[in-house]
Structure formats: structure tokens, C-alpha cells
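Below is one structure; the comments refer to it alone.
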Amino acid sequence: MAKAKTVYTCTECGGQTLKWQGQCPHCSAWNTLVETIAEKTSSRYQALAQSSKLQKLAEIGAREEPRRPTGIGELDRVLGGGLVHGAVVLLGGDPGIGKSTLLLQALSLMGGSCNAVYVSGEESVQQIALRAKRLAGGAETLNLLAEIQLEKVLSVLAAQKPDVAVIDSIQTIYSEALQSAPGSVAQVRECAAQLTRYAKTSGATLLLVGHVTKEGALAGPRVLEHMVDAVLYFEGDTHSAFRLVRATKNRFGAVNELGVFAMTDRGLRGVSNPSALFLSQHGTAVAGSCVMVTQEGTRPLLVEVQALVDKAHAPNPRRLSVGLEQNRLAMLLAVLHRHAGIAAFDQDVFVNAVGGVKIDEPAADLPVLLAIVSSLRDKPLPEKLVAFGEIGLAGEVRPVQRGQERLREAAKLGFGTAIIPKANAPRTAIEGIEVVTVERVEEAVARLR
Ligand code: TYD
Ligand code: MG
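All residue numbers for the sequence shown refer to this note's numbering, where the first residue is 0 and numbers rise by one.
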């Protein structure tokens, strides 16, 4: 096969050069040239030729395709009810978090009822088979392929015509049309584009595994996330048994649904009632800890946020957050000083969401603030207290979505008091929980005395 001609294209201006250079000769940007396949310039009049015709929306038979359940309830929940024909799903996560395990389990379960192919570029077929056998329900009908060359993978898929295929991982696959190394931006983009095209034309569902960078974003080009139909992230602490799968993009379902799993010696097991997982067990009340109710998709989750405020010994004190947004922490400290008169500029402040869960909704503001005040004063918050609420720069406590559901979940788990935004006050009292509404930060802080 003749090598396809490649050129180097600037990711900033789109300019092309024949050789790689550090700086784009067209727009002078540095390190933006990426190897791409040179497209043959076609006839000038090609665009005038008949292409696909215009169709009225009503004429297009868009049947609601039945979704294919993966057999893993928690995964289906994140996907919005199962796999859609022709969809491409990207699953990202830290090494060793369980991406291969989850997809192998899902394919083994589906293997009995449909044609499934597992392509691995990271493990040999023996290793995969060994793992599949160890996991409960390893189906004998699953097809395995250890291959890293895109063209070969595509030809096997074209011959096998699978209903569902897993590519583990997109960073190990390479196309021989490009000279760059597997995992490079150019390779990842080209392979993902070709695989996506294959899925759309054949109707097969593709599940791609993606590596993440040290910062936790998917490695490779950002366009990867635009190309695929759904992006799922695995999160959680590899040291604890609990793993979360979260959708950050889903063309066929709601995002921010959360699937909760526990890693056991027989693979990942779905946790159907996860709301109390992220509470740590304290014998007595401790300072610097506040329980919040976060709403993940359709279900509320109780998470403990912890803060540690300690005298700083360096001129610029540290502000560190794990699982919560760093910038919001700085903002909260400023609001706390300006509106509640509590200064922390000479203190190191650390905050943490227990259990490796990531909270990016602003409802965490109020609980984080309460935990900081509690740690600063070295005084535990009242027992059985939950809180949620967004805090604005003017010191106001803003309402969050689905306040009632959050309160009901807290009451169900035995929490007796809730500090919440005034606008979230339930119209009818919720049994078992006393609701304290606050409008401003200083009110919330005063409640702790
Ligand atoms: P794996 O799926 O290989 O991770 P990834 O593909 O995301 O890199 O997960 C491997 C981890 O899971 C490994 O650290 C061991 C653990 N594990 C179990 O605890 N029990 C099991 O049954 C399996 C298969 C893996
Ligand atoms: Mg793996």
C-alpha cells in the first residue's frame, strides 16, 4: 500500500507546511504544527455535483431506536438507558481505575446476546481471557483481538460486523498513514475520526478507552471530545474501593448522571444506593467537617467536606482543594472576610471532599464555608447537620436546584438539621428534619455560635 502523503497543519491558523517546524511560518505561533494526511485537491466543480438532497424533518423516519442495555445497571444509567446504535462513547480515567475491567464485564454480559468484539492494544488476548474468566459471567462468545494498527482493526471489524466493539485504548492505536508515534495528537485524531466514521456508517456501537493526562483531562486533542457522542469519566480514589462514572457529554441522554461502583475481587459491582458512601465515620463530632447534599443527575448524594485551617508559616499561605474547585475556595475566603469579618489571610486552608468524589456544583459553597469556620474556631458543627447553597460575591446565599429532593434524602439518612438558602425553603415541612434558612453569609456563620 502506498503511503498517504502527509503535511503539517497549524492548529492555530490552518496553514500548511511540508516539513515540521517549531514555528508556524504563516502565523508565527510556536509548537502548533501537527502532522495530517494531505487531502487530494479535487476538481473545482465537485461542489456543484449532486450531493445528498434536502429532506423535511417530518419525512425522516427517526424511529426511537431501542437501546441496547449493557447488563450493568449503573453503566446504563450513565449512558441514559443503554447503548445507541452507531454511537461512539469515550471512557476516560486514571490508569488502573477500572476502565478495561468495566468494559470487559459489559462486553462479556452482552456477548451472549449480540456480536461483540474487544480490541486491546495494551494486553495480550491471554491476559484478557484470564481476566474475563476471573470476572463473574465471562461469556465464551466474546471475540478478542490484540491489535494496534488502525487499518487492520478496521478490516477485522468490517469482516466481523460487530454490534458493539471496544477499542482499548485509542492512544495505543496507530494509523500507518501518519508517521507520528501512537498516542500523538495527530494519530489520536486520525484514528478517532476513522473509527467514528466506521461507527456511523456501519451502525455498530464503539466504546473507546482514553487515557487522561496528569491534570485529569483526556490525553490527545480536544477535538476527540467533540467527535464522539458521549464522554464518560471514571473518577474516585484508586485507594478506596468506590469508583464513579460520570457523563460529561451525552448526545443521547442527560449528563451528570452518576454511576457508582465498588471494585471487588470479582470486578466492578454496581452500588444502587450510594448516598451514604462518602461520609466518613467519626466517633464524636470533629471540627472542620460538614456534610453536604450534592445532586448528581437524578439522585442526591451525601458527601462530607472537610477543611483544615492552620497557621501559615510562609509569606503566602497555601490554599489547596481536593475534589472541589480551587478558584472557588479563594473566592469563598474573600467573601468570608469581607462579609462575615472572618480573616484567613495568615492561615493555610485545605479542603477535601471525602472518598475521592469530585464536586463541581456551586452548592458546595456553603458547606465548605461552614467547614472552614468550624476548623478556624476549632469547634465542631452541630451533630446531624447538613448544608448546601451557592454563595455570591455580594455575600448572598443563592438557591440551588432540587432543594426538596436533597432535604428528603438527608432526612432519610437521619440528619436532623439543614442550613439551606432561603429560596430553597420547602413549602411543607419535611418530616424528621429541621430547616434553617439563611439569606446571607453572616447569618449562616452566626448560626454556628
Ligand atoms: P483496569 O481495568 O486494568 O484499569 P484501567 O484499564 O483503567 O487502567 O483495572 C485494574 C485495577 O483493578 C487493578 O489495580 C486491580 C483492580 N481489580 C480488582 O480489584 N478486581 C478485579 O477483579 C479486577 C479485574 C481488577
Ligand atoms: Mg486498561
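For each residue, glycine too, the CB sits at the ideal point set by N, CA and C. Computed from a predicted structure; not experimentally measured.
_Own chain partners of Leu89 with C-beta closer than 6 Å, once the 5 adjacent residues on each side are dropped_ = Leu207, Gly209, Val227, Val230
*asked:* I'd like the list of long-range same chain contacts for Ala28, defined as Cβ closer than 6 Å, with 5 residues on each side in sequence excluded.
replied: Glu11
_Taking the beta carbon of Cys190 as the centre, do at least 16 other beta carbons fall within 10 Å, making it buried, or is it exposed?_
buried
*Identify the continuous alpha helix (DSSP H) that holds Ile127 and give its terminal residues.*
124-133
*For the region 369-388 and the region 283-290, state whether three or more C-beta atom pairs, one from each stretch, are separated by less than 8 Å.*
yes
_As assigned by DSSP and simplified to three states, the class of Val88_ = strand
*Quick one: using the 10 Å Cβ neighbour count with 16 as the cut-off for buried, is Thr69 buried or exposed?*
buried
*Do the region 218-225 and the region 100-116 make contact, defined as three or more Cβ pairs closer than 8 Å?*
no
*In the DSSP assignment, find the unbroken beta strand (DSSP E) run with Tyr386 in it and report its ends.*
In the sequence as displayed, the identity of residue 386 is Ala instead of Tyr. 384-386 is the extent of the beta strand (DSSP E) around Ala386.
*asked:* Between Val385 and Phe414, how many whole angstroms is the CB-CB distance? I'm expecting something under 8 Å.
replied: 5 Å
*Extent of the continuous alpha helix (DSSP H) to which Arg268 belongs*: Per DSSP, Arg268 belongs to no alpha helix (DSSP H); it is in the beta strand (DSSP E), 266-269.
*Which of helix, strand or coil does DSSP assign to Ser183?*
coil
_CB contact flag (Ile172, Pro161, <8 Å)_ = no
*Return helix, strand or coil for Ile169, following the three-state DSSP convention.*
coil
*Hey, could you find the ends of the beta strand (DSSP E) His225 is sitting in?*
From DSSP, His225 is part of no beta strand (DSSP E) but of the alpha helix (DSSP H) over 222-226.
*asked:* I need the residues with a C-beta less than 6 Å from some heavy atom of the ligand MG; please give them in chain order.
replied: Lys98, Ser99, Glu121, Asp167
*Pull up the CB-CB distance for Val356 and Leu205, whole angstroms please, since I reckon it's below 8 Å.*
In fact, because the Cβ distance is near 29 Å, the residues do not count as touching under 8 Å.
*asked:* What residue range does the beta strand (DSSP E) around Ser51 cover?
replied: Segment: none, Ser51 is in no beta strand (DSSP E) and carries neither H nor E.
*Kindly examine the ligand TYD and report whether one of its heavy atoms sits closer than 7 Å to the Cβ of Leu323.*
no
*asked:* What does DSSP give as the partner residue(s) for Ser288 in the beta ladder?
replied: Gln305
*Residue range of the alpha helix (DSSP H) that Arg491 falls in?*
A question about residue 491 goes unanswered here, because the residues of the chain that appear run from 0 up to 448.
*Quick one: what's Cys23 bridged to in DSSP?*
Paired residue(s): none; Cys23 is not in a bridge.
_Going by DSSP in three states, Asp359 sits in which element: helix, strand or coil?_
coil
_Identity of the residues DSSP links to Thr16 by a beta bridge_ = Tyr7
*Have a look at the DSSP bridge pairing and note the partners of Val33.*
Thr8
*Quick one, which of Tyr7, Pro314, Lys310, Gln305 has its alpha-carbon nearest Ser320's?*
Gln305
*Residue range of the alpha helix (DSSP H) that Leu144 falls in?*
Not the alpha helix (DSSP H): Leu144 falls in the beta strand (DSSP E), residues 142-145.
*Would you list the one or two residues that DSSP bridges to Glu234?*
Leu243
*What are the start and end residues of each continuous alpha helix (DSSP H) run of 4 or more residues lying completely inside the region 366-446, in chain order?*
402-411, 440-445
*Look up Asp347 in the DSSP assignment and say whether it is helix, strand or coil.*
strand
*Just how far apart, CA to CA, sit Val434 and Gly282?*
25 Å
*Taking only heavy atoms of the ligand TYD into account, decide whether any of them is closer than 7 Å to the Cβ of Asp36.*
At residue 36 the sequence reads Ile, which differs from the Asp that was named. Ile36: no, Cβ never under 7 Å from the ligand TYD.
_Excluding the 5 residues flanking Pro425 on each side, which residues of the same chain have their C-beta closer than 8 Å to its C-beta?_
Gly402, Gln403, Leu406, Val434
*Within the region 63-112, note down every full alpha helix (DSSP H) run reaching 4 residues or more, in order along the chain.*
72-78, 98-110
*Using the C-alpha atoms, what's the distance from Gln15 back to Met472?*
In the structure as shown, the chain starts at 0 and stops at 448, and residue 472 therefore has no counterpart that could be examined.
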